[in-house]
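In the numbering used here, the protein residues as written are 2 to 120.
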């Protein structure tokens, strides 16, 4: 798990990512889910009075996003979320994410790709 988070921290240029995740999980602002060698951290957000869920980080072997998307959607719906979102520096998501139902949004302020699914 730490190897995957370190890779994500490097990809995003955020050396404090691991500490930020630990603090958020400890303070119950974000939630860690581990399934075998796969995992993800979900962070509920509210924007303009609408609840959504940020998939803050995710890791796993081939097919992990497809395997866990139904569960992530279910968890998000349980809290009344209307959308899921993730940010990534990886260009491969430009091809893969739309096949899974994700819609590209404008890039964020850090130049990361942003994808969203409305629930």
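Glycine included, every Cβ here is placed at the ideal spot set by N, Cα and C.
Closest Cα partner of residue i within the set the options
{"i": "residue 90", "options": "65, 48, 111", "result": "111"}
{"i": "residue 113", "options": "40, 62, 41, 88", "result": "88"}
{"i": "residue 86", "options": "16, 23, 73, 28", "result": "73"}
{"i": "residue 37", "options": "48, 14, 63, 20", "result": "63"}
{"i": "residue 24", "options": "48, 13, 42, 115", "result": "42"}
{"i": "residue 100", "options": "45, 84, 117", "result": "117"}
CA-to-CA distance, residue j to residue i, given in whole angstroms
{"i": "residue 71", "j": "residue 106", "result": "21 Å"}
{"i": "residue 94", "j": "residue 35", "result": "22 Å"}
{"i": "residue 75", "j": "residue 50", "result": "20 Å"}
{"i": "residue 97", "j": "residue 11", "result": "21 Å"}
Cβ pair residue i, residue j closer than 9 Å
{"i": "residue 18", "j": "residue 26", "result": "no"}
{"i": "residue 69", "j": "residue 59", "result": "yes"}
### Message
As an exercise, report each continuous alpha helix (DSSP H) stretch of at least 4 residues that is fully enclosed by the stretch 19-90, in chain order.
### Response
Counting whole runs of 4 or more residues, the stretch 19-90 contains the alpha helix (DSSP H) stretches 65-79.
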